[in-house]
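Residues 5 to 293 in the numbering used here are what the sequence shown lists, from first letter to last.
Note that beta-carbon positions come from the ideal geometry of N, C-alpha and C, so glycine has one too.
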Amino acid sequence: MTARVRKAVFPAAGLGTRFLPATKAQPKEMLPLVDKPIIQYGVEEAAASGAEHIIIVTGRGKNAIEDHFDINIELESFLEARGKHELVREIRAISDAIQVAYVRQGEPLGLGHAVLVARDLVGEEPFAVILADDVYDADPPALKQMIDVFHAVDGPVLAIERVPMPQVSSYGVIAGEPLGNGVHRITDLVEKPAREEAPSDLAIIGRYVLTPDIFGELEATTHDRTGEIQLTNGLRRLLKSRPLYGVEVKGTRHDTGNKLGFLRAVVHFALRRTDLAEPFRAYLRTVDR
Numbered sequence: 005m006t007a008r009v010r011k012a013v014f015p016a017a018g019l020g021t022r023f024l025p026a027t028k029a030q031p032k033e034m035l036p037l038v039d040k041p042i043i044q045y046g047v048e049e050a051a052a053s054g055a056e057h058i059i060i061v062t063g064r065g066k067n068a069i070e071d072h073f074d075i076n077i078e079l080e081s082f083l084e085a086r087g088k089h090e091l092v093r094e095i096r097a098i099s100d101a102i103q104v105a106y107v108r109q110g111e112p113l114g115l116g117h118a119v120l121v122a123r124d125l126v127g128e129e130p131f132a133v134i135l136a137d138d139v140y141d142a143d144p145p146a147l148k149q150m151i152d153v154f155h156a157v158d159g160p161v162l163a164i165e166r167v168p169m170p171q172v173s174s175y176g177v178i179a180g181e182p183l184g185n186g187v188h189r190i191t192d193l194v195e196k197p198a199r200e201e202a203p204s205d206l207a208i209i210g211r212y213v214l215t216p217d218i219f220g221e222l223e224a225t226t227h228d229r230t231g232e233i234q235l236t237n238g239l240r241r242l243l244k245s246r247p248l249y250g251v252e253v254k255g256t257r258h259d260t261g262n263k264l265g266f267l268r269a270v271v272h273f274a275l276r277r278t279d280l281a282e283p284f285r286a287y288l289r290t291v292d293r
């Protein structure tokens, strides 16, 4: 029987240079989508998918993430004294649902390296990797859909999505054989291929359900020309010893790692809010396009 996925790793050590100057003194993962930071959407998705242990890979200047998921007794007492009990329940809900551990990535050496530094906290069990920049609005949650496939195929599963061919050089890309219901058996993976060399238009998108044998492959993976250890290259090594699968997640994905994607996500989630949707929609109708 396939083991339960109890842990989710969040690489969050990046510098967020695409959002300077906003990210000069705060982590990009803490930029708000309406009234919740970007990373909280991913953490809530993990919790709703059954992962109660959250491992966040941080670096310098990321203390705000740790403070956010910690319990703030002073703030809660302040709110309770003013009768704002619902707000206290809201800010405590995510802290009560998960256990959070942190590990430092001393140097920005790539996604593969970020996953590798979480090895001791993950241990010998399957785990998820969530890139907080990719925010999904999906029911069931995106990670839950992947975990269901993981249990069905008994092997690592990557989230994939068809992207326009001019954009494939921004992603890891798979070649695969369709198995039905959006699931593909992966036959090859290429990290950021040139358009003419891409094996397909199926890009790897910010979610992974992995097995602990990936760690040995990442240790053996050489640095690329940028000096980084790429997770895609580690997975390509793993593919030689076991099947890998991709699943096209059902739902809406927002890439909040770029400014336009971030703005689209703000609008999307604002329009999903019952307290904001109508007045915000009315305002949008007045905007000079």
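(message) Using a Cβ distance threshold of 8 Å, determine whether the stretch 51-60 contacts the stretch 148-159, with at least three qualifying pairs required.
(response) yes
(message) Determine whether the beta carbon atoms of residue 70 and residue 45 lie at a separation below 7 Å.
(response) no
(request) Please state if the CB of residue 275 and the CB of residue 281 are separated by a distance shorter than 7 Å. (result) yes
(request) Taking residue 166 as the reference, give the member of 81, 179, 111 and 286 with the closest Cα. (result) 179
(message) Does residue 46 come out as helix, strand or coil in the three-state DSSP assignment?
(response) helix
(request) Express the C-alpha separation of residue 47 and residue 186 in angstroms, rounding to a whole number. (result) 25 Å
(request) Starting from residue 244, follow the alpha helix (DSSP H) in both directions and report where the run begins and ends. (result) Premise fails: residue 244 is in no alpha helix (DSSP H) and is neither H nor E.
(message) At the level of alpha carbons, what is the spacing between residue 133 and residue 240?
(response) 17 Å
(request) Grab the span of the beta strand (DSSP E) containing residue 14 for me, first residue to last. (result) 11-15
(request) Please work out which residues of its chain come closer than 8 Å, Cβ to Cβ, to residue 225, disregarding the five sequence neighbours upstream and downstream, and give them in chain order. (result) 116, 233, 234, 237, 238 and 241
(request) May I ask you to verify whether the stretch 239-258 touches the stretch 133-143, counting CB pairs closer than 8 Å and requiring at least 3? (result) yes
(request) Would you kindly check if the distance between the Cβ of residue 192 and the Cβ of residue 203 is under 7 Å? (result) yes
(request) Could you tell me how far apart the beta carbons of residue 219 and residue 9 are, in whole angstroms, since I believe they sit closer than 8 Å? (result) The Cβ separation is near 16 Å, so there is no contact.
(request) Check the DSSP bridge columns for residue 40 and list the partner residues they point to. (result) 37
(request) Compare the C-beta of residue 69 against all C-beta atoms of chain D and say whether one is closer than 7 Å. (result) In the displayed structure, chain D is absent; only one protein chain is listed.
(request) Apply the 10 Å Cβ neighbour rule to residue 82 and answer buried if 16 or more other Cβ atoms are within range, or exposed otherwise. (result) exposed
(request) Measure how close the beta-carbons of residue 26 and residue 60 come, nearest whole angstrom, since I'm counting them as under 8 Å. (result) Rounded, the Cβ-Cβ distance is 20 Å, inconsistent with contact.
(request) Determine the DSSP secondary structure at residue 357, reduced to helix, strand or coil. (result) With the chain represented from 5 up to 293, any question about residue 357 goes unanswered, as that position is not in the structure.
(message) Could you tell me the alpha carbon to alpha carbon distance between residue 170 and residue 197, rounded to whole angstroms?
(response) 11 Å
(request) Determine the burial state of residue 126: buried for a count of at least 16 other Cβ atoms within 10 Å of its Cβ, exposed for fewer. (result) buried
(message) Restricting to Cα atoms, I'd like to know which of 6, 269, 262 and 270 is closest to residue 24.
(response) 262
(message) Quick check: the Cα distance between residue 277 and residue 162, rounded to an integer number of angstroms?
(response) 30 Å
(request) Grab the span of the alpha helix (DSSP H) containing residue 181 for me, first residue to last. (result) Not the alpha helix (DSSP H): residue 181 falls in the beta strand (DSSP E), residues 176-184.
(message) So the candidates are 31, 38, 7 and 29; which of them puts its Cα closest to the Cα of residue 279?
(response) 38
(request) Could you tell me the distance, in whole angstroms, from the CA atom of residue 94 to the CA atom of residue 123? (result) 32 Å
(request) Return the residue from the list 157, 172 and 268 that minimises the CA-CA distance to residue 2. (result) For residue 2 there is no data in the structure shown, the boundaries of the chain being 5 and 293.
(request) Classify residue 151 as helix, strand or coil using the three-state DSSP reduction. (result) helix
(request) List the endpoints of the continuous beta strand (DSSP E) containing residue 297. (result) Because the chain in this structure spans residues 5 to 293, residue 297 falls outside the shown range and cannot be described.
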